Each structure stands twice: as C-alpha cells, then as structure tokens.
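To convert, note that position 3 of the sequence shown is 2 in numbering that gives the first Met the number 0; the numbers rise steadily by one, no gaps.
Every residue, glycine too, gets a C-beta built ideally from N, C-alpha and C.
Computed from a predicted model, the values in this text were never measured in an experiment.
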Amino acid sequence: MDGDGLHLARVDSSPAQADLVIETSPQALAAVLGRARTLDDVLTKGDLTLTGPRAAAERFLRLFPPPEPVTGLSARQG
C-alpha cells in the first residue's frame, strides 16, 4: 500500500511482503464494513487482528462507503 494506490490480495499462505494483513472472519469483516461494529470493537474483542499500521487498515475500510439507509418500508400487517 503506497500513497498512490492499493493492491489487495487474498492469500492462504505467508504474506511476507504485505504492508497490512487483516485476519478475521467474514462475519466480523462484514460487521465493520457495514458499520455495525467499529474497528476498535473487533480489535479489542479479538475478532480481528492487524499486522501492519492501523492507518492502513483505516484507509482500507474507507474504501467501502457505509450502507444506504433503507426507506419506504412499512410493517407488514397480518
């Protein structure tokens, strides 16, 4: 990850040359990306670990805008 670009790769082996490694479950990553949980929360609870600078992780997360609120739904009446 440099100042001008971002290169992402999913690896199942040793990411020796990575600037940032995020280890987490799909559920925890989805919760952070969807803004249901904060980076601090998943880090503190051990649901996500970072190897590399936290600033790089925050930059990565900013690539995914928060979900749009759902509007126009009404409760189903039975």
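If you keep only unbroken beta strand (DSSP E) runs of at least 3 residues inside the segment 6 to 43, you get 20 to 23. Judged by their CB atoms, Leu19 and Leu49 are nearer to each other than the 8 Å cut-off. For Leu60, the enclosing alpha helix (DSSP H) stretches over residues 53 to 61.
Following the DSSP letters along the chain, one finds Thr70 in no beta strand (DSSP E), marked with neither H nor E. Taking the Cα positions, Val41 is about 25 Å away from Val69. Sorting Arg58, Gly71, Gly51, Phe63 by C-alpha distance to the C-alpha of Ala17 places Gly51 at the top.
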